[in-house]
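In what follows, a single structure is set out as structure tokens and then discussed.
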Amino acid sequence: MTVVVAFVSRKGGVGKSTLARALATVGARRGLSTALADLDPVQRTATRWQRLREKHQVFPPLSVEAHGNVDSAIAIAGEADVDLLVVDAPGNAPAATMEIASVAHFIVQPSGACFDDLQPAVELFYELKASGIPKSRLYIALSRILDENEEEAARAYIEVADFNLLPGAVVERARYREAHNHGMSFIESPGEDLNGPAAATLGALLTKIMRKHRLLRPQRAQIAATQAP
């Protein structure tokens, strides 16, 4: 069965699509059959980026498709026997976010270090938790961080709110934007430190995905057995 990781946000500019593209890339490079679903009907950031990736012939090639809703994305991923489905959700879309969160195994919300980013992020997770989404599925990833002091203050804020926080952080670098302009994820940026803080964030998330994938394998075998003639 497919592991579904959704990147959501209440506001734009926090790195949602940046992290979604990076995770899809890392998953594919680790040998997982990976698909990236673009659910933002206005921005279509992921699908536009995919065209750049094809133009510049970046390896590995990725499966990136636009979908009208998360059920469509999951159905197609299931038919293709995809291991990992990364969902780039629309920003500031309460109904769509709730629908996506209800079916995702992990819900990741990137946040910058300023109060303008942190407060909406925490409020959204409080709302998802109140609606019945288990807190164990909700993760905040620090993004667009400028220095260690900023990261430390953001971590303290989220710890008080008592939500899961991924290790590491995506720092703000001009070369990340240049990588996106050429169809690469930021983790593929020339000179990127694969032992750095951003790699720690993606590595921790990938470890959780691999564990969930192993847990879901018996369920897939069970379903296949019941459907056999």
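Per our numbering, the very first residue in the sequence shown carries number 8; after that it's consecutive. Beta carbons are placed, not taken as given, at the ideal position from N, Cα and C, and that holds for glycine. Just so we're clear, the structure is a prediction, and the values are computed from it rather than from any experiment.
- Task: Kindly give me the distance between the Cβ atoms of LEU5 and ALA148, rounded to whole angstroms, as I take these residues to be in contact under 8 Å.
- Result: As shown, the chain starts at 8 and ends at 236. That puts residue 5 outside it, with no answer to give.
query = Can you list, in chain order, the stretches of the beta strand (DSSP E) that have 3 or more residues and sit fully within the stretch 137-225?
reply = 145-152
*asked:* Check whether the stretch 67-79 and the stretch 50-57 touch, using three or more Cβ-Cβ pairs below 8 Å as the test.
replied: yes
**Report entry** Cα-Cα separation between THR104 and LEU201, rounded to whole angstroms
**Finding:** 31 Å
Under the rule that 16 or more other beta-carbon atoms within 10 Å means buried, what is GLY175, buried or exposed? buried
Quick one: give me the first and last residue of the beta strand (DSSP E) that ASP78 is part of. From DSSP, ASP78 is part of no beta strand (DSSP E) but of the alpha helix (DSSP H) over 77-86.
Review point. Within 10 angstroms of its Cβ, does VAL177 collect 16 or more other Cβ (buried), or is it exposed?
Key: buried
Is the Cβ-Cβ distance between ARG162 and GLU179 less than 7 Å? no
* To do: Answer with buried or exposed for THR41, where buried requires no fewer than 16 other C-beta atoms within 10 angstroms of its C-beta.
  => buried
| task | Please work out which residues of its chain come closer than 8 Å, Cβ to Cβ, to GLU130, disregarding the five sequence neighbours upstream and downstream, and give them in chain order. | result | ARG17
Would you identify the three-state DSSP class for SER24, choosing helix, strand or coil?
helix
Review point. What are the residues that DSSP puts in a beta bridge with SER16?
Key: Bridge partners of SER16: none, in fact.
ask   = Does the count of Cβ pairs from the stretch 94-109 and the stretch 20-34 closer than 8 Å reach three?
value = yes
*Answer yes or no: do ALA13 and LEU209 have a C-beta to C-beta separation smaller than 7 Å?*
no
From the DSSP output, which residues share a beta bridge with THR41?
LEU91
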